[in-house]
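Numbered per the numbering used here, the sequence shown finishes at 701, counting up by one with no gaps.
Inspection log for the structure reproduced underneath, given as structure tokens.
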Amino acid sequence: MYLGINTVLSGTAYIAGAKDGIVTALGKPASRRVWLLDAQTMEIARVATSLPNGHYIFAGLNHDSEYLVMARDYKKEFEPFAWDYVKPADDLTVAEQQALWTSWQTN
595 MYLGINTVLS GTAYIAGAKD GIVTALGKPA SRRVWLLDAQ TMEIARVATS LPNGHYIFAG
655 LNHDSEYLVM ARDYKKEFEP FAWDYVKPAD DLTVAEQQAL WTSWQTN
């Protein structure tokens, strides 16, 4: 599982691009950089690239923290899109998060 630039795990929660939260361009799933910033300090927590199917995951997060999730378009055709004060989910175990990420590799 790709954990981004900061691979220090601080918990077992996660934020993932699933269902309506996948990265899209012109309404179609897209591979773009996704930034995870601490909502309080605005420090970069992680950076990942969504898969061609738009899915991404930030694992190993503290479930008590809040984050700003921002997708940017390297082609510079679209403005960044952001979700603010996102609380990580804790409904999946780390093994289940890994299985989810693995399942997205072929979708």
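All C-beta atoms in this analysis are idealised placements derived from N, C-alpha and C, irrespective of residue type, glycine included.
Residue environment, residue i, which counts as buried when at least 16 other CB atoms sit within 10 Å
i	result
S697	exposed
H657	exposed
Q691	buried
Separation of residue j from residue i, as counted between CA atoms
i	j	result
W677	A665	9 Å
I609	K669	25 Å
W695	I651	7 Å
V641	D685	22 Å
CB-CB length for residue i against residue j, believed under 8 Å
i	j	result
V680	E660	7 Å
S644	V617	4 Å
A624	G648	6 Å
Beta-carbon proximity of residue i to residue j, cut-off 8 Å
i	j	result
G605	L655	yes
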